[in-house]
Amino acid sequence: MAVVDHWIWMLVCPILAYFIGAIPFSYLIAKWRSGIDIRQTGNKNVGGLNVMMRSGFIWGFLSGMLDFLKGLVCLIIVLYVPFNDNPLAGLGKYYEITQHQLIYMFVAIAVILGHNFPIFLKFHGGRGVAAISGFLLLTNPLLFTAFIITTGLVTVITGYIRPAQVVAMFVGVPIAFFLNFFPPWIVNQGLNSTFFLGMFTLGISLTILPKYIKPIIDAFKGTEYQMGKKGVDFKEEDTSDSNN
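Letter by letter, the sequence shown follows residues 354 to 597 in the numbering used here.
See below:
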């Protein structure tokens, strides 16, 4: 099979991935099933959890799965396209990275940006957790497992859900730089590099961070939603803003 080796793909693939990521499944399903604008109700997040709270478990689960799959499918396609797997020049052995790995990473970041800042909804999107879960499951199931376990533990210990997710992502970054285990589909396509896995995890973690700054600040203030704590709303914005 001929190698797809042209720099233009490093632009085209992420652009296409952004528009796929920007498909607002949660918004569309909530609008179709309940006639509501998910951006104006509940926690105002364009994600499966908010749909679940407003339109029922099945539709929320479906929304989350579609968000999970849109990122997963994009990366599966990139994984099996024969992009150039030769290391880029000028880097040491540990720091070697290929065009294939860069496109894979850029596509993942673009999907998250599309989901979190969709052009179709005036850049009001979700947080990208479902998409990131798909990325980690495909790229390194052990890292995905660590993400789920860490999220669960931090949530149980602190009661905070949203801060737990971002903590789990950044806990996974140093692990990724040393986790020298990869599934066969990653090895067979030449993406099995701990440096690449670390950079990939760092890249997607930094991409979701802007959406988590407010929940983290609210957690320190004691105003972030906490399981079992009464009088704290699970909202994206102050109630004064929601009326504008």
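Just so you know, even glycine gets a beta-carbon here, dropped at the ideal spot from N, CA and C.
Since this is a predicted model, take the numbers as computed values, not measurements.
- Bounds of the alpha helix (DSSP H) holding Gly-505 are 494-511.
- Within the model, the alpha-carbon separation for Thr-508 versus Ile-514 is close to 5 Å.
- Ile-557 and Val-520 have their C-alpha atoms some 13 Å from each other.
- For Leu-455 and Asn-396, the gap between their C-alpha atoms comes out near 35 Å.
- In this structure the region 412-422 does not touch the region 496-505; the number of beta carbon pairs closer than 8 Å is below three.
- Taking the Cα of Ala-529 as reference, the smallest distance to any Cα among Gly-413, Phe-497 and Val-399 is reached at Phe-497.
- For Lys-574, the enclosing alpha helix (DSSP H) starts and ends at 566-574.
- Excluding the 5 residues flanking it on each side, Met-580 has same chain C-beta neighbours closer than 6 Å at Gly-512, in chain order.
- The beta carbons of Asn-493 and Phe-535 sit closer together than 8 Å.
- Here Leu-562 is exposed. Its C-beta has fewer than 16 other C-beta atoms within 10 Å.
- For Gly-575, the closest C-alpha among the options Ala-484, Pro-516, Gly-424 and Pro-367 is that of Pro-516.
- When secondary structure is reduced to three states using DSSP, Pro-536 falls in the coil class, being assigned neither helix nor strand.
- The alpha helix (DSSP H) runs of length 4 or more contained entirely in the region 356-415 are, from start to end of the chain, 362-374, 378-387 and 401-408.
- Secondary-structure assignment with DSSP links Gln-579 through a beta bridge to Tyr-513.
- Taking C-beta atoms as the reference points, Leu-491 and Leu-428 count as a pair closer than 8 Å.
- Judged by their CB atoms, Arg-407 and Ala-383 are nearer to each other than the 8 Å cut-off.
- Only residues of its own chain outside the window of five on either side were considered, and among them Cys-366, Pro-367, Ala-370, Cys-427 and Val-431 have a CB closer than 6 Å to the CB of Val-460, listed in chain order.
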